[in-house]
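What follows is a short report on a single structure.
The following block contains the structure:
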């Protein structure tokens with residue numbers, strides 16, 4: 068019985084590996100809408116991204132430490148990667164963007180994994196996709212070694228996460244700190260994802276784009292702005308009612324005071 072079970076597991080594993088090697092993925096880029104990502108062999112979107120980014124290099128002495136990265140939806144950027152497969156036990160997807168900027172060859176690599184995540188307000192576990200790894204590389208053209216300088220996020224850092232079948236949408240900036248593990252003398256880089264951010268790296272179905280998960284920062288800001296707007300409306304209504312009440316009270320006081328009432332009656 069154990070031998071049969073082992074044989075089945077081996078075959079499933081081999082089938083998954085074979086499927087992954089046979090599946091072909093191709094990039095897509097739409098500079099009009101700013102979208103980019105991957106399509107599967109049936110031309111279906113299987114990894115969707117939309118964002119712009121800046122990198123902050125704190126190793127520079129000057130004040131101009133921020134650099135906007137290339138537009139990943141532009142054809143001048145080379146995209147490559149793979150999507151999560153339906154038969155994977157633990158789904159994961161990957162995409163890398165490569166481009167040349169300021170005499171340097173650069174690359175940004177993103178890894179997404181399906182994981183169970185404990186909800187903040189309860190001990191319940193929810194199956195979600197997470198951006199678990201971010202890697203940024205630079206190679207200077209005139210470098211003799213031609214080895215890239217690599218900065219990457221810590222393994223426990225999860226900045227982007229959403230329920231499995233939902234896209235992550237954020238209308239605020241998100242920062243990811245990147246470290247150089249080989250040289251501790253390097254100050255960390257900070258990758259800033261610029262709004263509007265829209266990501267769905269796996270489990271994209273027919274209702275793609277309609278089921279969204281709003282990031283915590285945008286949700287909190289939206290609720291705060293909504294509350295302030297409601298309070299402004301309520302304050303305006305109260306002030307208006309107070310003004311009307313004051314005018315009515317003043318008119319009645321003039322009408323019914325004895326001295327003024329006699330003058331008023333004599334006018335008839």
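Numbering (our numbering), first residue to last: 68 to 335. Ideal Cβ positions, reconstructed from N, Cα and C, are used throughout, including at glycine.
**OP:** Excluding the 5 residues preceding and the 5 following residue 93 in the sequence, name in chain order all residues of the same chain whose CB lies nearer than 8 Å to its CB.
**Re:** 105, 106
Subject >> Closer than 8 Å to chain B by CB, residue 141 >> reply: In the displayed structure, chain B is absent; only one protein chain is listed.
**OP:** Please state if the CB of residue 158 and the CB of residue 266 are separated by a distance shorter than 8 Å.
**Re:** no
Subject >> Span separating the alpha-carbon of residue 229 from that of residue 203 >> reply: 23 Å
Original post:
Do residue 145 and residue 165 have their C-beta atoms closer together than 8 Å?
Top reply: yes
Original post:
Looking at the structure shown, is residue 252 part of a helix, part of a strand, or coil, going by DSSP?
Top reply: coil
Subject >> Simplified DSSP assignment, three categories, for residue 287 >> reply: helix
Subject >> Status (buried if at least 16 other CB within 10 Å, exposed otherwise) for residue 135 >> reply: exposed
**OP:** Going by DSSP, name the residue or residues bridged to residue 163.
**Re:** 147, 176
**OP:** Starting from residue 242, trace the beta strand (DSSP E) both ways and give me its first and last residue.
**Re:** 241-245
Original post:
With 16 as the cutoff for other CB atoms within 10 Å, does residue 209 come out buried or exposed?
Top reply: exposed
Original post:
Quick one: what does DSSP say residue 129 is sitting in, helix, strand or coil?
Top reply: coil
Subject >> Cβ separation of residue 225 and residue 197, assumed to be a contact under 8 Å, to the nearest whole Å >> reply: 5 Å
Subject >> Three-state secondary structure (DSSP) of residue 93 >> reply: strand
Original post:
Which first and last residues belong to the beta strand (DSSP E) in which residue 111 is found?
Top reply: Here residue 111 belongs to no beta strand (DSSP E), and DSSP marks it neither H nor E.
**OP:** Give the straight-line distance between the Cα atoms of residue 112 and residue 128, rounded to the nearest whole angstrom.
**Re:** 43 Å
Original post:
Do you know whose CA, among 182, 233, 282, 249, lies nearest residue 218's CA?
Top reply: 249
**OP:** Return the CA-CA distance between residue 233 and residue 177, expressed in angstroms with no decimal places.
**Re:** 18 Å
Subject >> Helix, strand or coil at residue 98 [DSSP, three-state] >> reply: coil
Original post:
Can you tell which of 256, 246, 239 has the C-alpha that lies nearest to the C-alpha of residue 284?
Top reply: 239
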